[in-house]
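Numbering (our numbering), first residue to last: 1189 to 1307. Data block below; observations after.
Take a look at the structure:
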């Protein structure tokens, strides 16, 4: 099976999203663009984790009939928690950016550092 097969397509999409988010966080001087990059990066990690759940020919992890049925809820709980924490992080980041813009009249990292050095 080649690396460019359709089975691996979603992994390549996830890698592209990871790189796009990381590039945006590192290279962009605008704070809003940095935070948008963080959000893209987080979303790519969620997609990666969810894509690992796909299993061809697999069965659900449930105990045989006659016993109490059990499916492991831990992966779902972890993803739900990660999504909630991600949304809260982005919301707090946007709130902080608004406060920074009010204080410095800019959202550009270079201008904020220049104003900070002058003070």
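Quick reminder that beta carbons are idealized off the backbone N, C-alpha and C, glycines included. This structure is a prediction, so every number in the text was calculated from the model and none was measured.
Could you tell me if the beta carbon of residue 1227 falls within a distance shorter than 8 Å of some heavy atom in the ligand PLP?
Of ligands this structure carries none, so the ligand PLP is not represented either.
Between the Cα of residue 1231 and the Cα atoms of 1293, 1286, 1275, which residue gives the shortest distance?
Numbered from 1 along the chain shown, position 43 holds the residue referred to as residue 1231. Among 1293, 1286, 1275, the Cα nearest to that of residue 1231 is on 1275.
Going by DSSP, name the residue or residues bridged to residue 1296.
Walking along the chain shown from the start, residue 1296 turns up at place 108. In the DSSP output, where bridge partners are listed per residue, residue 1296 has 1218.
Taking only three categories from DSSP, how would you classify residue 1231?
Within the chain shown, numbered from 1, the residue matching residue 1231 stands at position 43. In this structure, residue 1231 counts as helix in the three-state DSSP scheme.
With DSSP as the reference, label residue 1280 as helix, strand or coil.
Here residue 1280 corresponds to residue number 92 of the chain shown, with the count starting at 1. It is helical.
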